[in-house]
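This report refers to the structure that appears directly beneath it.
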Amino acid sequence: MKKSLILIAILIFSLELTGCARYNVNKNDLVNRDQNVTRNNIDNVRDNNDSRMRVADDAAKKVTDLKEVDTANVIVTENNAYVAVKLSPTSQNEDTNSIEHKISQRVKSTDRDIDNVYVSENPDFYDRMNKYASDIRNGRPISGFFNEFTETIRRVFPKAK
140 MKKSLILIAI LIFSLELTGC ARYNVNKNDL VNRDQNVTRN NIDNVRDNND SRMRVADDAA
200 KKVTDLKEVD TANVIVTENN AYVAVKLSPT SQNEDTNSIE HKISQRVKST DRDIDNVYVS
260 ENPDFYDRMN KYASDIRNGR PISGFFNEFT ETIRRVFPKA K
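When the letters of the sequence shown are read in order and numbered with this note's numbering, they come out as residues 140 to 300.
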């Protein structure tokens, strides 16, 4: 009889412990959990809030080695490269698509991770890219101008992914 009573008491105590365990949640962990946030930053500047940018001087050098290009600035975010060029006067009669293709091939040859190359010869875009490249080289925090950069990209390349 005593053994049965002890066994019943142990069972009741065990059930109470396991029954209350589901409420033993560390409330501080809720802050660290994802709150159903969907981010698509892998190859996307539009929704990118991960501000990793770099100046690709080696790609710019390869682009300026083309006879059609006088100067170039290349900024890379994730797997996208944005190229601002000033074309040489001798390239005025050449096919723009052909020049863009050559530029794209040169940029991709410098970094295998680059999937998309966006090229513009817009003078305003060239000036802005020159400013962004200068800011990055001089150590200015990217977070200070990343939103402006993203907005510029949206305006100049509306179909960019």
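Here a beta-carbon is modelled for each residue, glycine too, at the ideal position from N, C-alpha and C.
| Asked | Found |
| --- | --- |
| Take every Cβ of the region 264–277, pair it with every Cβ of the region 234–243, and state whether three or more of those distances are shorter than 8 Å. | no |
| Nearest-angstrom Cα distance between residue 185 and residue 155? | Residue placement at residue 185 cannot be trusted, given a pLDDT of 45 that sits under 50; what the coordinates show is reported in the next sentence. Each residue's Cα considered, the two are about 52 Å apart. |
| Should residue 274 and residue 284 be called a contact, given that it needs their Cβ atoms to be closer than 9 Å? | yes |
| Beta carbon of residue 222, beta carbon of residue 248: below 9 Å? | no |
| Would you list the residues sitting across from residue 150 in a DSSP beta bridge? | In DSSP, residue 150 forms no bridge with anything. |
| Run through DSSP, which three-state label would residue 192 get? | strand |
| Under the three-state reduction of DSSP, which class applies to residue 299: helix, strand or coil? | coil |
| Comparing C-alpha positions only, which one of 262, 246, 279 sits nearest to residue 200? | 246 |
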